[in-house]
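Enquirer: This is the structure, below, for whatever I ask next.
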């Protein structure tokens, strides 16, 4: 595919070139259609977080980085490693498909089947792509809200060695190292990163002093390995593996419960690619395994195996057809010992007319052995009026299947559950660094816990999610990058009641200054509007607060960088989930050495 340099209004990211002391435009390649495209050449509504943004702002977790985007809000049951929910346009975590290098990270062993965002560290992440709106027409189930695609770092030409060290509040220690090499015929990169913190209490009664409670610690060691071998100009083999080993302490509803669990998450892929003058064909096999051992003696294990093939067939310079199929097996071991399988076929067509008009259509059919067949689709259109002005729109259908726990748990399961259906659309206008988006989604027979039957059920009626986003990112004067994102959300159940833990308003803001040689200064934060802990605006008010963070980076030498960071600089007291603590003011510092 031709890779275009992107304009600001195409949501490209301005990054700092500290050596040259100038701001440059960074081309970004995305995979919204399961194939590489430039951002300007896609119709989907996408936001991207680059490695440069992660490094400059010193985000630690994926959830922290995602929380900088419009249309995204985050709640957490405590500090590092505690249960974290990411809401994408009002949809909760289990309705967003999360991928790491194309491998499913949604945890089939837990009750909700969502991703464990609290355990995703950022040290080896090259890019995060957030594709908003119904995406089942491309990816299948679990993509009702969208797709979050996390891409890890790959080796660059030559050999590189990095090491990092950090320390901060709550006796938080971070260590990291990586080794990478790339030649004409092969490449590999190995990264090992560890975080170890005493943390602070996860449970704390509202307005209580968290120092009156015991600490809930956390340990996480993440290993990322990827590499490839190029047989010739046409054939190549790649491997990818992510290994996460963790231990976390948590509280449920008591002050000193001292509960904990160990967890191992392993995601692996082997892929073979053949490229010739006619087509680009990829064969792959993925495996995701999850093992959780609780201090109470309970064990929850899950496994997802996936096998697939796709072929991209260009039929003109700017047009292509993508066709493929996959097979997936979902297993819940130990407690349930149940599984189901799915076979899918998908087709995407992409056209560019008169250089300015882009049209993309996708259709997918999935056959489950436990549910009826599902056919979903997506259509998107984009018109580029100029290099920095465009109009785009997308419409898609999607579905979420019940989790194995929701189906088969002896107490809460319901074997009659069927997939829920979603329809969504959005319209975006981009102009000189500003993006205005209106979005709307409707979910029929949403799967939720039914308190009247004490089981999971398909809730009759339609839930609605709608609102608008305003995004801005631009260089306002030499060396200064300003960004903000505003979201206005209406998320209601079938009775027209506001859904819990969704903020009606959310404002993200940031300013980064690169005008001093070797120095970067940053200020970022968010305002959270009205948000309640129960449906229909019942429960505690958990919104109406502002949190601001500051960061500074300095290049001591060409190879050594140091940083300092203050989270919650005003020491604002808040709880995103009632009776679960959030971080007070916290300080962190560290260094990175690269050779």
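In the working numbering, the protein residues as written are 780 to 1374. The beta-carbon is built from N, C-alpha and C at its ideal position, and this holds for glycine as well.
May I ask which residues mark the beginning and end of the beta strand (DSSP E) holding residue 1108?
Expert: Run containing residue 1108: 1099-1111, per the beta strand (DSSP E) assignment.
Enquirer: Would you mind giving the Cβ-Cβ distance between residue 841 and residue 901, rounded to the nearest angstrom? I have them listed as a contact below 8 Å.
Expert: 6 Å
Enquirer: Is residue 804 helix, strand or coil when you go by DSSP?
Expert: The predicted position of residue 804 is uncertain, since its pLDDT is 42 and thus under 50; a value taken from the coordinates is nonetheless stated next. Note: residue 804 maps to strand in three-state DSSP.
Enquirer: List the whole-angstrom C-beta distance separating residue 1012 from residue 980, where the pair is believed to meet the contact cut-off of C-beta under 8 Å.
Expert: The pair is not a contact, with the Cβ atoms about 58 Å apart (cut-off 8 Å).
Enquirer: Starting from residue 830, follow the beta strand (DSSP E) in both directions and report where the run begins and ends.
Expert: No beta strand (DSSP E) holds residue 830; the alpha helix (DSSP H) holding it covers 830-836.
Enquirer: Would you mind listing the beta strand (DSSP E) stretches within the region 1037-1076 that are 3+ residues and don't spill past its ends, in chain order?
Expert: 1038-1054, 1059-1073
Enquirer: Can you find at least 3 beta carbon pairs, one from the region 1171-1179 and one from the region 1195-1209, that sit closer than 8 Å?
Expert: Put simply, the region 1171-1179 touches the region 1195-1209. At least three CB pairs are less than 8 Å apart.
Enquirer: Hey, out of 1064, 1264, 1316, 1041, whose CA is closest to residue 1251's CA?
Expert: 1264
Enquirer: Can you tell me which of the three DSSP states residue 1245 falls into?
Expert: The three-state reading of DSSP puts residue 1245 in strand, counting E and B together.
Enquirer: To the nearest angstrom, report how far apart residue 1068 and residue 1257 are at their CA atoms.
Expert: 48 Å
Enquirer: Counting Cβ pairs, one atom from each stretch, are 3 or more of them under 8 Å apart for the region 1002-1021 and the region 979-994?
Expert: no
Enquirer: Looking at the structure shown, is residue 1184 part of a helix, part of a strand, or coil, going by DSSP?
Expert: helix
Enquirer: Alpha carbon to alpha carbon, how far is residue 822 from residue 1135?
Expert: 12 Å
Enquirer: Restricting to Cα atoms, I'd like to know which of 1356, 1374, 1368 is closest to residue 861.
Expert: 1356
Enquirer: Look at the Cβ atom of residue 1124, then the Cβ atom of residue 1141, and state whether they are nearer than 8 Å.
Expert: Taking 8 Å as the Cβ cut-off, residue 1124 and residue 1141 do not qualify as a contacting pair.
Enquirer: Helix, strand or coil, according to DSSP, for residue 1221 in the structure here?
Expert: strand
Enquirer: Mapping the DSSP letters down to three states, classify residue 782 as helix, strand or coil.
Expert: Bear in mind that a pLDDT of 33 at residue 782, under 50, signals an unreliable position, so the number given afterwards is only what the model happens to contain. Coil.
Enquirer: Let me check understanding here. Comparing Cα to Cα, which of 952, 875, 1321 lies closest to residue 892?
Expert: 875
Enquirer: For residue 853, collect the residues of the same chain with a Cβ closer than 6 Å to its Cβ; drop the 5 residues on either side in sequence, then sort them by chain order.
Expert: 842, 846, 865
Enquirer: I want to know whether the region 1109-1120 touches the region 1069-1079 - three or more CB-CB distances under 8 Å.
Expert: yes
Enquirer: Taking the beta strand (DSSP E) that residue 1141 belongs to, which residues open and close that run?
Expert: 1136-1147
Enquirer: Is it a yes or a no for the region 1334-1347 touching the region 910-918, going by three-plus beta-carbon pairs under 8 Å?
Expert: Not touching, per the Cβ criterion.
Enquirer: Can you have a look at residue 1189 and say buried or exposed, based on whether 16 or more other CB atoms are within 10 angstroms of its CB?
Expert: Exposure of residue 1189 is indicated by the presence of fewer than 16 other C-beta atoms within 10 angstroms of its C-beta.
Enquirer: If you draw a straight line from the C-alpha of residue 921 to the C-alpha of residue 1294, how long is it?
Expert: 44 Å
Enquirer: As a quick exercise: from 1288, 1044, 1248, pick the residue whose alpha carbon is nearest that of residue 867.
Expert: 1248
Enquirer: Quick check on the DSSP output: the alpha helix (DSSP H) that includes residue 1123 runs from which residue to which?
Expert: Judged by DSSP secondary structure, residue 1123 falls outside any alpha helix (DSSP H) and instead within the beta strand (DSSP E) spanning 1117-1132.
Enquirer: Quick check: the Cα distance between residue 1317 and residue 1216, rounded to an integer number of angstroms?
Expert: 29 Å
Enquirer: Within its chain, find whatever has a CB closer than 6 Å to the CB of residue 1163; leave out the 5 residues flanking it on each side and keep chain order.
Expert: 1135, 1169
Enquirer: Taking the beta strand (DSSP E) that residue 1305 falls in, what are its first and last residues?
Expert: 1298-1307
Enquirer: Please go through the same chain and pick out, in chain order, the residues whose beta-carbon is closer than 6 Å to the beta-carbon of residue 1350, but skip the five residues on each side of it.
Expert: 1363, 1364
Enquirer: Does the count of Cβ pairs from the region 949-969 and the region 927-936 closer than 8 Å reach three?
Expert: yes
Enquirer: Tell me whether residue 1161 is buried or exposed, calling it buried when 16 or more other Cβ atoms sit within 10 Å of its Cβ.
Expert: buried
Enquirer: Out of 1309, 1046, 1001, point me to the one whose CA is closest to residue 1026's CA.
Expert: Distances from the CA of residue 1026 to each of 1309, 1046, 1001 were compared; the closest alpha carbon is that of 1001.
Enquirer: To the nearest angstrom, how far is the alpha carbon of residue 1009 from that of residue 1066?
Expert: 23 Å
Enquirer: At what residues does the alpha helix (DSSP H) containing residue 1078 begin and finish?
Expert: That residue, residue 1078, is in no alpha helix (DSSP H); its beta strand (DSSP E) goes 1078-1093.
Enquirer: How would you label residue 1359, buried or exposed, when you count the other beta carbons within 10 angstroms and need 16 or more for buried?
Expert: buried
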